[in-house]
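> I'd like to ask some things about the structure below.
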Amino acid sequence: MPPGPQGWPLIGNLLDLPTAYEWEIFAKWGERWGDLLSVSIFGTTVVVINSYKRCQEMLDKKSNVYSDRPYVPMAMELIEMRDSMGFLPYDKRFKSSRRLFHQELGSNSAVQGFFPQEEQLGKKFVRRVLRNPDGLLDHCFQHAGAIILRVAYGYEAEESNDPFVNIANTAMDNFNRATAPGAFLVNQMPILLKVPDWFPGTEWKRIGRAWAKDYWAMVDVPFNFVKKQLAEGTAEDSFTAKWLKQKLTPQEELDLKFASSSMFGAGAETTAVTVHVFFLLMAMFPEVQRKAQNELESVIGKDRLPSFEDRDRLTYVEAVCKEVMRYHAVVPNGLPHCTAADDIHDGMFIPKGAIIFANIWNMTHDPEVYKNPMEFNPERFLGESPEQDPKDMVFGFGRRICPGRLLGDASVFITLAMSLAAFDIAPCDGEPPLSLKNKSGIVSHLHPFKCEISPRMDIDILSALVNYSLYHPSHFDDFPSDSTLEDILDFISGVLRLSSKYMIHSLRRKCIAVLTRTLPATLEDYDSRTSRGRSTSKHLKSDVVMRAIRLAQETNVTIVLPFAYYCVARLPSRRILEDQPDDMTWQQKTVCLYTSIGQPKMQEVYCLMNIYVYFTSAAP
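If you're matching positions, the sequence shown starts at 0 in numbering that gives the first Met the number 0 and goes up one per residue.
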């Protein structure tokens, strides 16, 4: 047997087994007993593998022996997760489920088919953070859930508080608590399942059955959503819809349901935590953030967001993604394996039914693999001799390796790259210094933290980029005629500037049409109301009107300038004209304004005035 701490009669090492941050304890044990060690719990052998090399030798090369799953009564019996792909034994059903995954997500070419959706959802994530940076954690889970829901079920998640995402978050939180080491004694003593419910101390049974309802909601609700849409002929392309269109037996349909829910639950949580960790690390290591942003600017410029087509040229950003995965292994102990037969490895006996933990956290912090492993340093993955790619470890090993790893890697890259291009991330003033403080559990979440997230692009440009899908012709044609000037500018500014710069003439014409249709009416309404001394919710502030003037000048949309100038000249509290004589004509006020903002084109102003006779004749 592999060496390890001495146990007690009957209970073995039960009292030695850590109940929290077990990967750190296993690493300390490894310093004494080596990279392959074992303990015993009530006669069951538990083996800990502390090195990547050992995992390759055992879990990869002997995967026929090391690919089973251990029995976890709290999850498999009380929560009823026994048919979930993660808990299936290594048998025909498991292999069939893996084949489903592999055909849809098992190759780079297959995953590339989801790149357009990934990029669209990445922009939606940026938009959420832009609108409410304080809700970062919720945005991470909403975003990751939206990706999996789109791929697995063809479902478009809501902007916030999506019911399907909430279902999965609740179910996975229950799973983490049910499988935490030492949390429920029944996981070490399955015989406790036979204890009657009325017996004192069996509250855990009631908890498990309550959690089962949450689990079945995650399994059934989105699956039934797809079946209903297929029946109505409205289903979007998705993993589930594709296979439901085939002639499946009842058992095959059941296997598909569990495979889809496994993708939904496990895939969303790990991606969400990785993105959350990224924001913390960027606030902690600003020099890394700056280097990544400098690379982005040199490759894509300052007025667009990155795409997958840029990935090969964003080598430092790619290195940041790898270092985030390495520095904080989201599933630090992986999901435990179990031996299907006796094995002798390197002269040590490992019995059938032994539980195998791969200490991924120790592997990604192994000083024999990574120089100064406790330092956050993306450059370790650059140059002629890059260090070990952590993706070889963090997605698991052997035939239990994460089947959605290629999709997960793509999701992490595009989300992190877009976030670096869109935001500056910094510690909050007046707050204690940031540090990485993680929670224990199968999936290691972070403790709450605060950081300052601000747009690093021009706000109008960024808004246009993340809202581009909204700029459909119908949105321009149906733009409300009673909109405020601020509404108009929020909608139009960024896309007008981008379409002007890149000569997207059709889009530019749409923007100008909105401005010429809505801006005069908006300003005329303001003028008539203020001249009668009325207060209105559409009251225009000078900075909003000046924003319209700057936009028109920058994009050479001179046709709207007279309206904006006239409005500014009529503002009751106008700082620019405060020191001018009271008896100035409107034309004189307009020229004064035009001169004061640094562009004395008086002849052009008078020309524009003559075009809009109405406004000149109506001026005081």
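Glycine is no exception: its CB is placed at the ideal position from the N, C-alpha and C atoms.
Which residues does DSSP list as the beta-bridge partners of I48?
DSSP output for I48 lists L35, A357 as bridge partner(s).
> On the criterion of 16 or more Cβ atoms from any shown chain inside 10 Å, does W28 qualify as buried, or is it exposed?
W28 comes out buried.
> Name the two residues that bound the continuous beta strand (DSSP E) containing S453.
Looking at the DSSP string, the run of the beta strand (DSSP E) that includes S453 is 450-454.
> Near S499, which residues of its chain fall below 6 angstroms by C-beta distance, leaving aside the five closest residues on each side in sequence?
For S499, where only same-chain residues beyond five positions count, the Cβ hits under 6 angstroms are R507, T554.
> Distance, Cα to Cα, T18 vs I503?
One C-alpha to the other measures close to 60 angstroms.
> Classify T363: buried if its beta carbon has 16 or more other beta carbons within 10 angstroms, exposed otherwise.
Buried is the call here.
> Starting from A182, follow the alpha helix (DSSP H) in both directions and report where the run begins and ends.
Taken as a continuous stretch (DSSP letters only), A182 belongs to no alpha helix (DSSP H), as it is neither H nor E.
> Can you check the stretch 324-406 for any beta strand (DSSP E) of at least 3 residues that lies completely inside it and give the ranges in chain order?
Counting whole runs of 3 or more residues, the stretch 324-406 contains the beta strand (DSSP E) stretches 342-344, 347-349, 354-357.
> Which ranges does the alpha helix (DSSP H) cover as unbroken runs of at least 4 residues, wholly within the stretch 264-333, from first to last along the chain?
Here the runs fully enclosed are 285-299, 314-326.
> Can N358 and I441 be called in contact, C-beta distance under 9 angstroms?
Contact flag unset, no.
> Suppose contacts are defined by Cβ-Cβ distances below 9 angstroms. Is I413 in contact with P305 by that definition?
In this structure, P305 lies closer than 9 angstroms to I413 by Cβ.
> So what does DSSP say about N165, is it helix, strand or coil?
The answer is helix: DSSP assigns N165 an H, G or I state.
> If you reduce the DSSP assignment to three classes, tell me which class T515 lands in.
Here T515 sits in helix by DSSP.
> Could you give the DSSP three-state label for T43: helix, strand or coil?
DSSP places T43 in strand when its eight states are reduced to three.
> Nearest-angstrom Cα distance between S572 and V330?
Unreliable placement is indicated for S572, whose pLDDT of 36 sits below 50; the coordinate value is still reported in the next sentence. In a straight line, the C-alpha of S572 is about 60 angstroms away from that of V330.
> My output table needs one value for L445: the three-state DSSP class, helix, strand or coil.
Of the three classes helix, strand and coil, the one that applies to L445 here is strand, per DSSP.
> Thinking just about the alpha-carbon of each residue, which of L99, L184, E30 is nearest to the one in L247?
Selected option, being the one with the closest Cα: L99.
> Answer with buried or exposed for Y501, where buried requires no fewer than 16 other C-beta atoms within 10 angstroms of its C-beta.
Exposed, by the Cβ-count rule.
> Do you know how far the Cα of D486 is from the Cα of H538?
Summary for H538: the model assigns pLDDT 48, below 50, so the residue's position carries little reliability, and this model does not support an answer.
> Grouping DSSP H, G and I as helix and E and B as strand, with all else coil, what is N223?
If DSSP states are grouped into helix, strand and coil, N223 belongs with the helices.
> Out of K241, R176, S39, which one is the CA nearest neighbour of Q102?
With distances taken between Cα atoms, Q102 lies closest to K241.
> Note down the Cα distance separating P599 from T557, rounded to an integer number of angstroms.
Summary for P599: the model assigns pLDDT 43, below 50, so the residue's position carries little reliability; its value from the coordinates is reported in the next sentence. Straight-line Cα distance between these residues: approximately 14 angstroms.
> Are there 16 or more other CB atoms within 10 angstroms of the CB of G382, so buried, or fewer, so exposed?
Result: exposed.
> With a threshold of 16 other CB atoms inside 10 Å of the CB of M373, please say whether the residue is buried or exposed.
Classification for M373: exposed.
> Between Y51 and I355, is the Cβ-Cβ spacing less than 9 angstroms?
Result no, Cβ atoms of Y51 and I355 do not sit closer than 9 angstroms.
> Note the first and the last residue of the continuous alpha helix (DSSP H) segment covering I78.
Careful: I78 lies outside any alpha helix (DSSP H) and carries neither H nor E.
> Tell me whether the beta-carbon of A167 lies closer than 9 angstroms to the beta-carbon of I146.
Their beta carbons are not under 9 angstroms apart, which means A167 does not touch I146 by this criterion.
> Have a look at F620 and N361 and give me their C-alpha separation to the nearest angstrom.
Outside the displayed span of the chain (0 to 619) sits residue 620, for which this structure offers no information.
> From what residue to what residue does the alpha helix (DSSP H) around P115 run?
Taken as a continuous stretch (DSSP letters only), the alpha helix (DSSP H) holding P115 covers 114-130.
> Looking only at its own chain, which residues have a Cβ that is under 6 angstroms from the Cβ of D34, when we skip the five neighbours before and after it?
If we look at D34 and ignore the five residues flanking it on each side, its Cβ neighbours are N49, S50, R53.
> To the nearest angstrom, how far is it from the Cα of Q5 to the Cα of A26?
Looking at the two C-alpha atoms, the distance is approximately 17 angstroms.
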